[in-house]
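Report on the structure given below.
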Amino acid sequence: MSQKQSSIASSLSFNSKKSCLCCALQNGFRILNVEGFTKRFKRVFIGKGVRIMSLLCNSNIIAVVKLGFSKKVSLWDDYQSKMIVEMDFDSSVTAIRLFLDKIVVASMNKITILSFRDLHRIAEIPTANNSIGLLAAHEGNRDNLELLIFPGTNSGHIAVLEYQKKAVKYEWVAFDQPIGVGSLNSTGNLFAIANQDGTSIRVFHVRSGVCLCKFKRGKQKATIFDLTFSPDSKLLVVTSSRGSIHVFKLPPDLNDRTVKKTNKKGIKFGKFGTKMIRSVMKCPLENTTKNISEFIKNKFHIFTLDGWHYTFSINQEHNTITQDGEPNRFLKEK
């Protein structure tokens, strides 16, 4: 087994509870507990790497897309130590989300929703090109699927699918160009989306489609890796290929009641709805490898594909973000 195979990830993701970091590797996969960053378990597949993976809650069920098998999703049961189900799709799979009641798969131009119980295909929804794997989701109280956000049928559009008493789908325009990565806040009422050029980020109220904030990352094009809301939705942190971290402050009192009043009166949120706002905090990041990020215990954490973990402190009162010490290796070569 090559050391490189176990120390560089094909992709990284969190489970829906944000309690586990899932590392798809070139020789299998590894799952780490976010609490203390201890190893939960690691599996090696001889000659078979993993490109994409998704963990169901905190369970033993993992969905994987193997390297070289981009159109096939397999379900791994770690109690039985074997693949229990394989599902084929028309084009390359770009993202997977697992819920107690449903499996959601994003492919190049389609979202497929399946029943977890019998794998019945509930819906197939066409999308614009989704090679980046945009598939944001929010769970209900019972770990069931409540809300999905993915590319709309037209370039630059966002589609929202709500699961309440019945499925309701609607679309709104995010940009007049192809979209980049996106992220929901913890309550599922705010959605941040970047443009493909990586110069602009907009924050929308999910159920109304109202644009609440327009943020400017910079003039030069960049690949935005991740957008992360703080737990209280007061901050939005952006990481990109430019080797910097941008922190934006969201306007106060962004709640459903305020948005409804705004819609009814036909007014906007002043400068936040009409003017491009620059970041209030910025910090360099030496590592320009693709990464994912999350707020954990009042700290901001970044995990890179080449196996490094960075921790940052954000002081909102003084508008500063600083790196806490040296980075640590979370993907070790042994």
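Take the sequence shown: its letters are residues 1 to 334, numbered as in full-length UniProt numbering.
We treat Cβ as the ideally placed atom computed from N, Cα and C, and that holds for glycine.
Would you please verify whether the beta carbon of residue i is less than 8 Å from any beta carbon of chain C?
| i | result |
| --- | --- |
| F191 | Of the protein chains in this structure there is only one, and it is not chain C. |
Taking the beta strand (DSSP E) that residue i falls in, what are its first and last residues?
| i | result |
| --- | --- |
| P284 | 281–284 |
| M276 | 276–278 |
| G182 | 179–184 |
| T112 | 110–115 |
| Y163 | 157–163 |
| R217 | That residue, R217, is in no beta strand (DSSP E); it is neither H nor E in DSSP. |
| R202 | 200–205 |
Taking 8 Å as the threshold (C-beta atoms), are residue j and residue i in contact?
| i | j | result |
| --- | --- | --- |
| L250 | L236 | yes |
| G198 | G180 | yes |
| I111 | T127 | yes |
| I321 | M276 | no |
| R30 | C20 | no |
| V203 | A192 | yes |
| D101 | N144 | yes |
| G140 | E146 | yes |
| S54 | R97 | yes |
Could you give the C-beta distance for residue i and residue j, rounded to a whole number, given that I count them as a contact under 8 Å?
| i | j | result |
| --- | --- | --- |
| F300 | I314 | 6 Å |
| C283 | F248 | With 8 Å as the limit, C283 and F248 do not qualify as a contact, their Cβ atoms being about 13 Å apart. |
| G188 | H157 | Not quite, the Cβ-Cβ distance comes to about 19 Å (not below 8 Å), so this is no contact. |
| G47 | K66 | The Cβ separation is near 10 Å, so there is no contact. |
Just grab the DSSP bridge partners of residue i for me.
| i | result |
| --- | --- |
| L56 | Answer by DSSP bridge pairing: none, since L56 is not bridged. |
| R97 | V104 |
| I224 | S240 |
| A174 | Looking at the DSSP assignment, A174 forms no beta bridge with any residue, so it has no partner. |
| Y310 | I302 |
| V44 | G28 |
| N33 | C20, T38 |
| K249 | L235 |
| S74 | V64, E86 |
Keeping to the same chain, check which residues put their C-beta closer than 7 Å to that of residue i; ignore five residues upstream and five downstream.
| i | result |
| --- | --- |
| N185 | F229, S233 |
| T223 | G198, S240, S241 |
| M108 | S91, S92, T94, N129, N130, S131 |
| F330 | L32, F37, F303, G307, H309 |
By Cβ distance below 8 Å, which residues in the same chain neighbour residue i in space, the five residues on each side in sequence not counted?
| i | result |
| --- | --- |
| W76 | R43, I61, I62, A63, V64, K82, M83, I84 |
| N291 | L12, F225, D226, T239, I302, F303, T304, L305 |
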